[in-house]
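See structure below.
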Amino acid sequence: MSQTDNFFMKRRSVVAKKMLPKPIDENDLKKIINAGIRVPDHGALNPWKIIVIKDDKLKTIDEEIILSEYKRENPNAGLQNLEIEAKRLQRASVVLAVLSTPVEHPKISKWEMVLSSGAMCMNLLSCAQSLGYAAQWLTEWYAYNNKMLQYLGGRPKIDQISGFIYIGHKVEEPTERRRPDPEKVIFYI
Ligand SMILES: Cc1cc2nc3c(=O)[nH]c(=O)nc-3n(C[C@H](O)[C@H](O)[C@H](O)COP(=O)(O)O)c2cc1C
Numbered sequence: 003m004s005q006t007d008n009f010f011m012k013r014r015s016v017v018a019k020k021m022l023p024k025p026i027d028e029n030d031l032k033k034i035i036n037a038g039i040r041v042p043d044h045g046a047l048n049p050w051k052i053i054v055i056k057d058d059k060l061k062t063i064d065e066e067i068i069l070s071e072y073k074r075e076n077p078n079a080g081l082q083n084l085e086i087e088a089k090r091l092q093r094a095s096v097v098l099a100v101l102s103t104p105v106e107h108p109k110i111s112k113w114e115m116v117l118s119s120g121a122m123c124m125n126l127l128s129c130a131q132s133l134g135y136a137a138q139w140l141t142e143w144y145a146y147n148n149k150m151l152q153y154l155g156g157r158p159k160i161d162q163i164s165g166f167i168y169i170g171h172k173v174e175e176p177t178e179r180r181r182p183d184p185e186k187v188i189f190y191i
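In structure tokens, the structure reads:
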């Protein structure tokens, strides 16, 4: 494979609203999750968790957490916004929530544990995309909501939601987006 047709030279996310939420092959899902836990992890501390949200759970969390918390925080919200919030997770076939769950360690910093959870998100995203799925890494407002964190098994004030990896099917191939000017972000010293 040459430099230009390498998977990472072409990899693109597909926005959640453009995914088709029909079921995902169980073996593919296992591969994606296993790719996630093969992430670099200083000291093999496993300072993260993957919570698999699929089938009825997508609707349950949409209604019982996302919509209800949105209504509580935005009591005057209009119908159009409520309709969006009521179906957030249901845009995908499966949503993989990644929690950063740092542990106490005499030498390894929490920063490195948080970085590992971000890398886990990227492993999950890349693996799903390499298998031909539509996938996107999202946080949106509910990644910062305490009720959501606790529902997913996170410890408030310690754990954080690193992201929700939305996975579904492509309806069409995504077009390229604006990429950084290499000269502004890459430096050879
Ligand atoms: C930590 C993180 C959180 C993100 N959260 C959002 C979000 O809430 N809403 C959004 O539109 N894009 C969000 N994005 C951006 C998209 O996932 C993605 O970067 C964009 O669709 C282009 O991706 P691509 O370079 O893989 O094609 C987030 C990205 C990261 C890394």
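FYI, my numbering numbers position 169 of the sequence shown as 171, with every residue one higher than the one before it.
Backbone N, C-alpha and C define an ideal beta-carbon position, used for all residues, glycine too.
DSSP state of ALA94, grouped into three classes?
In this structure, ALA94 counts as coil in the three-state DSSP scheme.
According to the neighbour-count rule (16 or more other Cβ atoms, all chains shown, within 10 Å of its Cβ), is PRO23 buried or exposed?
Label assigned to PRO23: buried.
Identify the continuous alpha helix (DSSP H) that holds LEU60 and give its terminal residues.
It spans 58–63 - the alpha helix (DSSP H) in which LEU60 sits, taken as one unbroken run.
Using beta-carbon positions only, say whether ALA88 and PHE166 come within less than 8 Å of one another.
No.
Please tell me whether TRP18 and ALA94 are closer than 8 Å, where the distance is taken between their beta carbons.
Strictly speaking, residue 18 in this sequence is Ala, with Trp absent from that position. Contact: yes.
Within 10 Å of its beta-carbon, does ASP161 have 16 or more other beta-carbons around it, so buried, or fewer, so exposed?
Buried is the call here.
Does the beta-carbon of VAL173 have 16 or more other beta-carbons within 10 angstroms, so that it is buried, or is it exposed?
It counts as exposed.
How many whole angstroms separate the CB atoms of GLY155 and ILE53, which I take to be in contact at a CB cut-off of 8 Å?
Yes, GLY155 and ILE53 are in contact; Cβ-Cβ is about 7 Å, under 8 Å.
Give the range of the beta strand (DSSP E) segment to which PHE166 is assigned.
Looking at the DSSP string, the run of the beta strand (DSSP E) that includes PHE166 is 162–170.
What are the boundary residues of the beta strand (DSSP E) that ALA136 is part of?
That run of the beta strand (DSSP E) goes 136–140.
Run the CB neighbour count on VAL96, radius 10 Å, all protein chains shown included, and call it buried at 16 or more, exposed below.
Buried, by the Cβ-count rule.
Along the alpha helix (DSSP H) that carries ARG74, what are the first and last residues, could you check?
Its alpha helix (DSSP H) spans residues 70–75.
Quick one: grab the DSSP three-state call for ILE188.
The answer is coil: DSSP assigns ILE188 none of H, G, I, E or B.
Quick check on VAL100: does DSSP put it in helix, strand or coil?
Residue state, collapsed to three classes: strand.
Applying the criterion that 16 or more other CB atoms from any shown protein chain within 10 Å of the CB defines a buried residue, is ILE191 buried or exposed?
By the neighbour-count rule (16 or more Cβ atoms within 10 Å), ILE191 is not buried but exposed.
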